[in-house]
Amino acid sequence: MNRIEHTSLSPTATLREALNALNSTGPNLTVFVVDDAGKLLGTVTDGDVRRALIAGQDLGSPVAEAMNSAPRKLVIGKAPESPLKALRQAGIRLLPEVDEEGTLLRVLDISASEAILPVHALLMAGGRGSRLRPITDTLPKPLVPVHGRP
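Residues 125 to 274 (the working numbering) are what the sequence shown spells out, left to right.
This is the structure:
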């Protein structure tokens, strides 16, 4: 997971300020709403602003009325709420990391990370099996038992 620079706003910022912030975030397209103490209150995307405008809010409305107030996050010292694979499948790219009090510490780009999975594989590739002689004199290399299984 890569740490990225993030943009944050106060909950009293307007939707216009949120749009300006989103416009300056580059490809990230997420702004984090934090209080004066740095506690994560929510996230705002361009879709959140669009839905708020469709619902009748104007560009002067506070961003707190349009934000996602229950964003998925990674809490230091706790197991993740969802596995990375599920987050990726849901289209979530940025994952805020917070401490136990909810203070935003950093933002991680999970689209760039590889899944950390135990890999149990045996690669049977080419060759004549000469290193496995005399076993391969009577048995093809792909059928040589490993832990009792061919």
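For every residue, glycine included, the Cβ atom is placed at its ideal position computed from N, Cα and C. If you're wondering where the values come from, they're calculated on a predicted model, not measured in any experiment.
Cβ of residue i within 8 Å of any chain C Cβ
i, result
"L219", "Of the protein chains in this structure there is only one, and it is not chain C."
One or two residues paired with residue i in a DSSP bridge
i, result
"R230", "E221"
"G166", "V157"
"V270", "R273"
"L198", "E221"
Opening and closing residue of the alpha helix (DSSP H) in which residue i lies
i, result
"S148", "139 to 148"
"I259", "259 to 262"
Where residue i falls: helix, strand or coil (DSSP)
i, result
"V131", "The sequence shown places Thr at residue 131, not Val. It is a strand residue."
"P204", "coil"
"V187", "helix"
8 Å Cβ cutoff met for residue i and residue j
i, j, result
"L132", "L228", "Going by the sequence as given, residue 132 is Ser instead of Leu. Closer than 8 Å, so yes."
"P204", "L164", "no"
"T167", "M191", "yes"
"L232", "A176", "no"
"P135", "V187", "yes"
"R255", "I234", "no"
"V270", "I259", "no"
"V158", "K197", "no"
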